[in-house]
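J.:
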Amino acid sequence: MCFRTCGEQKLIMVNEGPCGSGSSQNQCSFVASDLEKRIRESSRMSETPRSEESSPTPLCSSEGSLSPVSYTPDPLVLLGLEAHAKSIATELDVLMRDLRGSLHGMSDLTREFANCYLTSISTSCDSVDAVIKSTYAMLAKTEELMDVLKGKDKLQQQIKQLKRLVDMFESHFVNSLT
Numbered sequence: 001m002c003f004r005t006c007g008e009q010k011l012i013m014v015n016e017g018p019c020g021s022g023s024s025q026n027q028c029s030f031v032a033s034d035l036e037k038r039i040r041e042s043s044r045m046s047e048t049p050r051s052e053e054s055s056p057t058p059l060c061s062s063e064g065s066l067s068p069v070s071y072t073p074d075p076l077v078l079l080g081l082e083a084h085a086k087s088i089a090t091e092l093d094v095l096m097r098d099l100r101g102s103l104h105g106m107s108d109l110t111r112e113f114a115n116c117y118l119t120s121i122s123t124s125c126d127s128v129d130a131v132i133k134s135t136y137a138m139l140a141k142t143e144e145l146m147d148v149l150k151g152k153d154k155l156q157q158q159i160k161q162l163k164r165l166v167d168m169f170e171s172h173f174v175n176s177l178t
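Reminder that position 123 of the sequence shown reads as 123 in UniProt numbering, one-by-one numbering, no gaps.
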């Protein structure tokens, strides 16, 4: 790769041959810092010849020698390029509008989802609080019941004793009648 600078114009020489072959045919390309200006000037088709300084001069290399090649762009090709560039720009504008609309829709959907999620979390927290309160109320009632049932053993003993006394009374009463 060779670099060459001529005044304002910067040229880059690129040697590209087929991979692995010793071909002497090379492709030539260049980069001009004022390329857009030159394209516009060439599309006007001025009758006066342009100076050597403003004309593009790509350098081609074959077997290591540099030789300038003159080039005059076809105005119809440039007009076609401009028409294609305009259609691409128009399609890109439509694409960007569609993308903007899609992104707004996605943002709205995300905001809606976040609000729904916040509402569901808030509702879930309220439900869990109610369940916890109910659980503690049930535990308190269970403790009260356990306290009441502690006296059950004493009452059971008293009932057994009364039953035994009634059985004894009945057996004495039945025995005394016979």
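Heads up, the beta-carbon is just placed ideally off N, CA and C, and yes, glycines get one too.
Keep in mind the model is a prediction, meaning the values are calculated, not measured.
#1: Between the region 32 to 43 and the region 69 to 89, can you find at least three pairs of beta-carbon atoms closer than 8 Å?
#2: Suppose you measure from the CA of N175 to the CA of Q161; what does that come to, to the nearest Å?
#3: Mapping the DSSP letters down to three states, classify S33 as helix, strand or coil.
#4: For S107 and F113, what's the separation of their Cα atoms in angstroms?
#5: Starting from Y136, trace the alpha helix (DSSP H) in both directions and tell me its first and last residue.
#6: Rounded to whole angstroms, what's the CA-CA distance from Y136 to D147? Just pull it up for me.
T.: Checking against the coordinates, here is how it stands:
#1: yes
#2: In the sequence shown, the residue the question calls residue 175 occupies position 175. In the sequence shown, the residue the question calls residue 161 occupies position 161. When rounded, the distance between both Cα atoms is 21 Å.
#3: Translated into the one-based positions of the sequence shown, residue 33 becomes position 33. Here S33 sits in coil by DSSP.
#4: Along the sequence shown, one-based indexing puts residue 107 at 107. Along the sequence shown, one-based indexing puts residue 113 at 113. Their backbone Cα atoms lie some 10 Å apart in a straight line.
#5: Along the sequence shown, one-based indexing puts residue 136 at 136. Element bounds for Y136: 75 to 177.
#6: In the sequence shown, the residue the question calls residue 136 occupies position 136. In the sequence shown, the residue the question calls residue 147 occupies position 147. When rounded, the distance between both Cα atoms is 17 Å.
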